[in-house]
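To start, the structure under review is shown below, and the notes come after it.
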Amino acid sequence: MPASASAQLKQPLLSEDNLKRVSDHVYVMEGFPNVAIVVGSRATLVVDTGLGERNGATVMRAEQKLAKGPILYLTTTHYHSEHTTGEQAFPASAIIIRNTAQQEEMNKSVAGHIEVFKKMSAQNMDLLQNVKFRPPDVVFDREAKLDLGGVTARMFYVGPAHTKGDELIFVEEDSVLIPGDIVQKDIFPIMPNADASVKGWLSILDNVEALHPKFIVPDHGAAIVDASQIGTERAYFLALQARVLELKKQGVSVDEAGKTVTTELKAKYPDWPNPNNVAGEVMRVYEQFQ
Numbered sequence: 139m140p141a142s143a144s145a146q147l148k149q150p151l152l153s154e155d156n157l158k159r160v161s162d163h164v165y166v167m168e169g170f171p172n173v174a175i176v177v178g179s180r181a182t183l184v185v186d187t188g189l190g191e192r193n194g195a196t197v198m199r200a201e202q203k204l205a206k207g208p209i210l211y212l213t214t215t216h217y218h219s220e221h222t223t224g225e226q227a228f229p230a231s232a233i234i235i236r237n238t239a240q241q242e243e244m245n246k247s248v249a250g251h252i253e254v255f256k257k258m259s260a261q262n263m264d265l266l267q268n269v270k271f272r273p274p275d276v277v278f279d280r281e282a283k284l285d286l287g288g289v290t291a292r293m294f295y296v297g298p299a300h301t302k303g304d305e306l307i308f309v310e311e312d313s314v315l316i317p318g319d320i321v322q323k324d325i326f327p328i329m330p331n332a333d334a335s336v337k338g339w340l341s342i343l344d345n346v347e348a349l350h351p352k353f354i355v356p357d358h359g360a361a362i363v364d365a366s367q368i369g370t371e372r373a374y375f376l377a378l379q380a381r382v383l384e385l386k387k388q389g390v391s392v393d394e395a396g397k398t399v400t401t402e403l404k405a406k407y408p409d410w411p412n413p414n415n416v417a418g419e420v421m422r423v424y425e426q427f428q
């Protein structure tokens, strides 16, 4: 992930003061990133860890106050540093679950991603000292279900979009979708490298729209949105795709198209962070569509 793009998202420390209740069983700690906690009578599922051990410890304090049962599960939506590097604050008894594609990507790329994040700020450098990971306890290919006691969390993998291993979680009884970076409000999507996929992103949006979620808990930005945001995200990508293919047909180079579309979208969405991400989105369309 380009440091210049990521740095435009605010990166405050997580705080228990920012814990909100989403539904009967789901809570979210709003911050960088938004961390979801799903509470059942026998077990708790935490989704994402925060950046570094200090933020992970904050998540653990919240989990311990909310938990009703003795079992703790941890899963992550993708391998990026703010979603995974708080892992060592979780106890050895925590059961870590990831999809196969994400774990492979993590093994290959998380160390480099940590180095990029360290260079963003002195705070990040401090947070990311001596990060340690352990192998996941459970790895799944496409889907895994957890009975937490009175509530079921379905973790699933559809294919690449923001990263190669994006994982989504649907809390069935509460109709809450935890989509990682795939559904967000008023943020330019990040497509950092050739592993990202416009077609995959649109496919995932189709899949999650069919779930008809009542609430959505994005990883960044607004912590709670409704299902209409799925259609808004799809409309953004379809409009982007159409405009970029128009420029490509005209023989415009990918670099010039990136500059043109960035200027246009900055004017259309002046308050959105990460406008530098648009060039990456344009590049993905040039690569993946004729």
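Counting from 139, one number per residue, gives the positions in the sequence shown under the numbering used here. No residue lacks a Cβ here, since even glycine has one placed at the ideal position from N, Cα and C. What you are looking at is a predicted structure, and each value in this text was computed from that prediction instead of being measured.
I'd like the span of the beta strand (DSSP E) that includes T290, first residue to last.
Here the question's residue 290 lines up with position 152 in the sequence shown. From DSSP, the beta strand (DSSP E) with T290 extends over 290-294.
Considering only the beta carbon of each residue, do V173 and I307 sit closer than 9 Å?
Position 35 of the sequence shown holds residue 173. Position 169 of the sequence shown holds residue 307. Result no, Cβ atoms of V173 and I307 do not sit closer than 9 Å.
Within the continuous beta strand (DSSP E) that includes M167, where are the two ends?
To locate residue 167, count along the sequence shown from 1; it is residue 29. Unbroken beta strand (DSSP E) run through M167: 164-167.
If I measure Cβ to Cβ from G224 and keep anything under 7 Å in the same chain, skipping five residues before and after, which residues do I get?
Stepping through the sequence shown from its first residue, residue 224 is reached at position 86. Counting only Cβ-Cβ distances below 7 Å, and skipping sequence neighbours, we find T187, G188, L189, G190, E191, N193, G194, V197.
Beta-carbon within less than 7 Å of T400's beta-carbon, same chain only, minus the 5 sequence neighbours each way: which residues are those?
Within the sequence shown, numbered from 1, the residue matching residue 400 stands at position 262. Cβ within range, chain order: P413, V416, A417.
Quick test of your reading: F427 and L383, contact by CB under 8 Å. State the CB separation rounded to the nearest angstrom.
The sequence position of residue 427 within the sequence shown is 289, counting from 1. The sequence position of residue 383 within the sequence shown is 245, counting from 1. Confirmed, Cβ separation roughly 6 Å.
Is I362 near V321, with beta carbons less than 9 Å apart?
Along the sequence shown, one-based indexing puts residue 362 at 224. Along the sequence shown, one-based indexing puts residue 321 at 183. No, these two residues do not count as a Cβ contact at 9 Å.
Minimum C-alpha distance to L210 - residue among N237, A291, Q267:
As a working note, residue 210 is residue 72 in the sequence shown. Taking only the C-alpha atoms, the option nearest L210 is A291.
On the premise that V309 lies in contact with H163, defined as a C-beta separation below 8 Å, what is that separation, rounded to the nearest angstrom?
Position 25 of the sequence shown, counting from 1, holds the residue named residue 163. Position 171 of the sequence shown, counting from 1, holds the residue named residue 309. Sure, about 6 Å apart at Cβ, within 8 Å.
In three-state DSSP terms, what is A417?
As a working mapping, residue 417 is identified with position 279 in the sequence shown. Three-state result, A417: helix.
Mark M293 as exposed unless 16 or more other C-beta atoms lie within 10 angstroms of its C-beta, in which case mark it buried.
To locate residue 293, count along the sequence shown from 1; it is residue 155. Buried, since its Cβ has 16 or more Cβ neighbours within 10 Å.
Spatial neighbours of G207 in its chain, beta-carbon cut-off 8 Å, leaving aside the 5 residues before and after
Against the sequence shown, residue 207 aligns to sequence position 69. Same-chain partners within the cutoff: G178, S179, R180, A181, T182, L286, G287.
Which of helix, strand or coil DSSP assigns to L189:
Taking the sequence shown and counting its residues from 1, the one referred to as residue 189 is at position 51. It is coil, neither helix nor strand.
Return the CA-CA distance between D155 and E201, expressed in angstroms with no decimal places.
For this step, residue 155 is matched to residue 17 along the sequence shown. For this step, residue 201 is matched to residue 63 along the sequence shown. Rounded to whole angstroms, D155 to E201 spans 13 Å at the Cα level.
Mapping DSSP to helix, strand and coil, what is P140?
As a position in the sequence shown, residue 140 is number 2, starting the count at 1. Because the pLDDT at P140 is just 45, under 50, the model does not fix this residue reliably, and the point stays unresolved.
Following the continuous alpha helix (DSSP H) through Y211, name the residue where it begins and the one where it ends.
Here residue 211 is taken as the residue at index 73 of the sequence shown, counted from 1. No alpha helix (DSSP H) holds Y211; the beta strand (DSSP E) holding it covers 209-213.
Residue from K148, E243, V269, K256 with nearest C-alpha to V297:
The residue labelled residue 297 in the question sits at position 159 within the sequence shown. The residue asked about is misnamed: residue 297 is Gly in this sequence, not Val. Nearest of K148, E243, V269, K256 to G297, Cα basis: E243.
Would you mind sorting T329 into buried or exposed? The rule is 16 or more other CB atoms within 10 Å of its CB.
Working through the sequence shown from its first residue, we reach residue 329 at position 191. Rather than Thr, the amino acid found at residue 329 in this sequence is Met. With 16 or more other Cβ atoms within 10 Å, it is buried.
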